[in-house]
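Remarks on the structure that follows.
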Amino acid sequence: MSSNLWTCINCTLINTSSDYYCKACGRRQRRGTGTSNGVQYYTPTITPPPRPPVPKGNWTCSRCTLSNPITSDRCAVCFLHRLDSRSHTGPQNGVTINGHTNGSTVGLLMNTLTINDQRVRAGSKSGWTCHVCTYQNPNTITIRCQMCQTAKRTVAQAAPVVNIAPVAPVTPVASVVTPSKPPKVKHQSTPKPTRHTVPSSSHNSLKRYKSIFNETLHKNEEREARQQWQRIVTYCRRYRINFVDDSFPPIPKSLYYRNSALVAKTGNPVTQWLRPDMIISDNSYTTGAHKWSVFQTPQASDISQGVLGNCWLLSALAVLAERPELVKKVVITRDVCPEGAYQVHLCRDGKWITVLIDDLLPCDSHRRLVYSQAKHRQLWVPFIEKAVAKMYGCYEALVSGRAVEGLSILTGAPCDTLELERDVNSNEPIDEDLIWAQLLSSRMAGFLMGASCGGGAHNVYTDSAYQSVGLRPRHAYSILDVQNIGALRLVRLRNPWGRFSWKGDWSDGSTLWNPALRHQLMPDSGGDGVFWMSFRDVIKYFDSIDICKVRSNWNECRISGVFPPRAGDPTHQTVIVVTVTEATEVELCVYQSGHRSQESVRSKLDLFVSVYAFNGLVGRLIGHSKRQVKSFVSCHQILEPGIYAIVPLAFNHWHTSIQTTEYPEYTLAIHSSKPMLTEKVCPPRHIIADTVIGLAVAEGRRHECNEGVTAYYLTKHWSGLVVVLENRHPNSYLQVICNCVDSVNVVSTRATLKTVDTIPPLHRQIVIVLTQLEGTGGIVIHYQLTHRVSHTRGLADWSTKGTGAGDYNGRDCEHIPALDQSVSELHSPRPL
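Shown next as structure tokens:
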């Protein structure tokens, strides 16, 4: 053994004598003798140089603002190299650059600045905001912004400050800096969309978030996913094994819920899980049969549904297949992987995730796929189906749904639903011309569309009636085309089963076709489930149409939050404030988290989102979504330059028997045609009350009860009822009884359907909010209002008009039931 080698006593690596520390484990070279392969040798005793100091601190990426450990060369989010980043943060007494701290330099600069310019103390106690990039800098940085290196403005240069929201005591007041002139936005020849996921925060002060270009972020997400995939593939190749996903193993619990009703009803057709090379497909023995591939040319006609009742997902896939580039965005692993590892990009409850799966697929005893498949031995359909099943826990979780949910999962784009049934609550007929105009404009915009057949709450046809005309009830169809030819209004649809087509007017065999029109629209589908219908028949047999607004060159921001089961929860109640610098088109979507799983103990919430002008208080109502008991709702608006508050709300979980300490979560997705500054703030104290009152006054039915007394009833698009009473008398009190005890399938925010209240002079009050409890059933709203004017406060003889003996609190009580801390922020009287 050469004397210039030594063996590490920790990991046994043989190192050269010039190495004072082991190259593998970093252990220091041992003085004296060493051994290698049983041979002793002498290691010269040399005093090693001191080990370089371990870098400490963090550095901030100048592109995405993530704080990275100093040991990382690249940003963990956007992969910008540290040397390319202009921002480095370290200990407060020094500047950390490439892992080394120079405390004397920053100290000298700070001392010089303190002597020569005392005006820099314009920032708040918690820091100061850069006027260029809006980054919140700590007070220890007093010269240049850590993010963009722009010199800090002095008091003389600083812009006026506008308070945004009051905060708890001892907390500095949050504010937004409004420049004297609107900031200029750089225009590019090709606008690039952005997407940025905002972490949930309960901090009282205002926070700002920077958007990232959508294409850049998409590439980075895919790059990060591919790194994980490459590690798995490398491991499998090294040990010559195939990948098996232990988080979604090939066992019954990945197929069904515990105590599955599906197994009890249909049995278990799955007898084995097989990889593609062991699966027998329809063309396995055909001469020149296709080899297995992830994609060939994705087409809607390739999709075949299996025994699982998930036509809502396959219908969405069929719509997506009209745009093959969208399908290929979903499946990240686009080539067959011999090791059996694949990745699928999905949007779960409004948040983008990458789902890792193996290629073991459920099969029967004949080695054929039990669930969905694609023709020509393509794997994209069963792989996407398996990824969605894993995302929600098992395959049974995919039973029953709407095409709009599938479109949302696959695209992450804002989605909307056009109801084709009369609203029994408002008893208003549907506007066929408006719906047709929306279909035409959606088709021209290239949006994706699907339709639900016979699944409405007020369906008047029997199953046999649907089957007699070639339709399937409680089934989802894809809308492939919309044509307006003269007075004709025709819609082209596809059954994802690939069979069972419409038999009525304008079907393939209809006598209504003339040669010219037949040649123009080519109605013969060849038995692949594609057919034409008149728009009038679509309204007759279908209950809703779903529209998925896939756009390019838009911006995107996703913010997480929770719905507290009460009003006035400053820890969890938040408001999203957006600053618009130029007119922009906006789509707002609120998603409920975790509704499609057996572990979820909650029913769907009554989701609602509204937009208001904002100057620290809720101002004029700009727009709002419908309040619906669904997995998500959306709202479309055009916003002019200004500051706006976005308020997501839900009520039907306020008083339930569910025992849980976890608040229901939501995700707010903001899609906009132009970039916007997005901020999450602690709201004003009565934000929910002001929001609901503003909505009732603007959108509700107004009734003049008496001179100086006005009632507002909000029922339209509200899935329930809001009653607001307004007392304009300058010196008299208003006493009111609201009786809703005959209402059905609703829950009250005050935990009772009968309330008694006193409203002071020049005040108004939300006396009751009723919310639909179960979205699958209808609701009955019945209310009776009794009121009188009094010159004294209190309820007097009405103090015994409550719903129970425990309601009586004396003649001087003002509210029955009493407004405790959980509801007072919503139901307390508010000044006019």
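With my numbering as the guide, the letters of the sequence shown map in order to residues -1 to 830.
Cβ atoms here follow ideal geometry from the backbone N, Cα and C, with glycine treated the same way.
Which complete beta strand (DSSP E) runs does the region 394 to 419 hold, if anything under 3 residues is left out? 413 to 417
Coarse secondary structure for L312, derived from DSSP in three states: For the purposes of this step, residue 312 is taken as the residue at position 314 of the sequence shown. DSSP places L312 in helix when its eight states are reduced to three.
For A643, write down the residues that DSSP places opposite it in a beta bridge. Translated into positions along the sequence shown, residue 643 becomes position 645. According to DSSP, A643 bridges with V575, Y610.
Just curious, the beta strand (DSSP E) that H622 is in, first and last residue? The residue given as residue 622 occupies position 624 in the sequence shown. 616 to 622 is the extent of the beta strand (DSSP E) around H622.
Where does V742 land, buried or exposed, given buried means 16+ other C-beta within 10 angstroms? Taking the sequence shown and counting its residues from 1, one reaches residue 742 at position 744. So V742 counts as exposed.
Same chain, Cβ closer than 7 Å to F241, neighbours up to 5 away in sequence not counted: For the purposes of this step, residue 241 is taken as residue 243 along the sequence shown, with counting starting at 1. Sequence-distant Cβ neighbours of F241 in its own chain, meaning closer than 7 Å and more than five residues away, are I230, C234, E337, G338, A339, D356.
Select from Y610, L478, T509, Y664 the residue whose C-alpha is nearest the C-alpha of V560. Taking the first residue of the sequence shown as position 1, residue 560 is located at position 562. If we check each option's Cα against that of V560, Y664 comes out closest.
So, using beta-carbon positions, are P274 and L354 closer together than 8 Å? Taking the sequence shown and counting its residues from 1, the one referred to as residue 274 is at position 276. Taking the sequence shown and counting its residues from 1, the one referred to as residue 354 is at position 356. No, these two residues do not count as a Cβ contact at 8 Å.
Based on DSSP bridge pairs, tell me the residues matched to C345. As a working mapping, residue 345 is identified with position 347 in the sequence shown. According to the DSSP secondary-structure assignment, C345 is paired through a beta bridge with W350.
Give the DSSP-derived three-state secondary structure of V739 in the structure shown. Locating residue 739 in the sequence shown gives position 741, where the first residue counts as 1. V739 falls in the coil class under three-state DSSP.
Rounded to whole angstroms, what is the Cα-Cα separation between T790 and V575? The residue you call residue 790 lines up with position 792 of the sequence shown. The residue you call residue 575 lines up with position 577 of the sequence shown. Between the alpha carbons of T790 and V575 lies a distance of about 41 Å.
Cβ neighbour criterion (16 or more within 10 Å) applied to R534: Position 536 of the sequence shown, counted from the start, is the residue given in the question as residue 534. When all chains shown are included, R534 counts as exposed.
Do Q887 and L723 have their C-beta atoms within less than 8 Å of each other? The requested residue 887 does not occur in the structure, where the chain is confined to residues -1 to 830.
Please confirm if the region 641 to 650 is in contact with the region 543 to 551, defined as three or more CB-CB distances below 8 Å between the two stretches. By the Cβ test, the region 641 to 650 is not in contact with the region 543 to 551, since fewer than three Cβ pairs between them sit closer than 8 Å.
Tell me which residues share the same chain as S363 and place their Cβ nearer than 6 Å to its Cβ, disregarding the 5 neighbours each side in the sequence. As a working mapping, residue 363 is identified with position 365 in the sequence shown. Correct list, in chain order: T269.
Which listed residue (R400, P322, S671) has its alpha carbon closest to that of V578: Against the sequence shown, residue 578 aligns to sequence position 580. Looking at the Cα atoms, S671 is the closest of the given residues.
Would you list, in sequence order, the uninterrupted alpha helix (DSSP H) runs of no fewer than 4 residues that lie entirely inside the region 494 to 537? 513 to 519
From K501, G410, L358, pick the residue whose C-alpha is nearest to that of G349; which is it? The count along the sequence shown starts at 1 and reaches residue 349 at position 351. Reading the sequence as shown, one finds Lys at residue 349 and not Gly. It is G410.
Could you give the residue range of the alpha helix (DSSP H) that holds K752? In the sequence shown, the residue the question calls residue 752 occupies position 754. That residue, K752, is in no alpha helix (DSSP H); its beta strand (DSSP E) goes 752 to 757.
Distance between C335 and R238 (C-alpha atoms, nearest Å): Here residue 238 refers to the residue found at position 240 of the sequence shown. Here residue 335 refers to the residue found at position 337 of the sequence shown. Near 13 Å, if we compare the C-alpha coordinates of C335 and R238.
Terminal residues of the continuous beta strand (DSSP E) containing Y390? Within the sequence shown, residue 390 is the residue found at index 392, counting from 1. Careful: Y390 lies outside any beta strand (DSSP E), inside the alpha helix (DSSP H) at 378 to 390.
Proximity of V821 and T756 at Cβ, strictly below 8 Å: Within the sequence shown, residue 821 is the residue found at index 823, counting from 1. Within the sequence shown, residue 756 is the residue found at index 758, counting from 1. No, the pair does not count as a contact, with Cβ atoms beyond the cut-off.
Suppose the cutoff is 7 Å on Cβ atoms and the five residues either side in sequence are ignored; what does the same chain contact list for P831 look like? Any property of residue 831 remains undetermined from this structure, which presents the chain solely from -1 to 830.
Can you tell which of I351, V397, T582 has its C-alpha closest to the C-alpha of A259? The residue you call residue 259 lines up with position 261 of the sequence shown. It is V397 whose Cα lies nearest to the Cα of A259.
Excluding the five sequence neighbours on either side, which residues of its own chain have a C-beta within less than 6 Å of the C-beta of L637, listed in chain order? Here the question's residue 637 lines up with position 639 in the sequence shown. These residues qualify, in order along the chain: V578, T582, V584.
Exposure label - S462; buried when at least 16 CB within 10 Å: By 1-based counting over the sequence shown, the position of residue 462 is 464. That one is exposed.
Beta-carbon within less than 6 Å of L432's beta-carbon, same chain only, minus the 5 sequence neighbours each way: which residues are those? Here residue 432 is taken as the residue at index 434 of the sequence shown, counted from 1. So the list is empty, once near-sequence residues are dropped.
Go through its chain and collect everything with a Cβ distance to F649's Cβ below 7 Å, but skip five positions before and after it. Position 651 of the sequence shown, counting from 1, holds the residue named residue 649. Same-chain partners within the cutoff: D604, T747, V767, T769.
Through-space distance from N2 to N35, alpha-carbon basis: Counted from its first residue, the sequence shown places residue 35 at position 37. Counted from its first residue, the sequence shown places residue 2 at position 4. Residue placement at N35 is flagged as unreliable, the pLDDT there being 38, under the threshold of 50; the coordinate-derived value follows with that caveat. Answer to the nearest angstrom: the Cα atoms are 15 Å apart.
Along the beta strand (DSSP E) that carries V588, what are the first and last residues, could you check? Indexing the sequence shown from 1 puts residue 588 at position 590. Start and end: 582 to 590.
Contact set for G692: own chain, Cβ-Cβ below 7 Å, skip 5 residues either direction: Against the sequence shown, residue 692 aligns to sequence position 694. Here the set comprises Y610, V616, L619.
Looking at F529 and L488, is the spacing between their C-beta atoms short of 8 Å? By one-based count along the sequence shown, residue 488 stands at place 490. By one-based count along the sequence shown, residue 529 stands at place 531. Not closer than 8 Å, so no.
Starting from the Cα of S466, find the closest Cα among A449, V480, K501, M442 and give me that residue. Here residue 466 corresponds to residue number 468 of the sequence shown, with the count starting at 1. Closest option to S466, Cα to Cα, is K501.
Who pairs with D356 in a beta bridge, going by DSSP? For the purposes of this step, residue 356 is identified with residue 358 of the sequence shown, where counting begins at 1. Beta-bridge partners of D356 (DSSP): A339.
Where L830 sits in the DSSP three-state scheme: Residue mapping note: residue 830 aligns to position 832 of the sequence shown, counting from 1. In this structure, L830 counts as coil in the three-state DSSP scheme.
May I ask you to report which of helix, strand or coil DSSP gives A794? Walking along the sequence shown from the start, residue 794 turns up at place 796. Note: A794 maps to helix in three-state DSSP.
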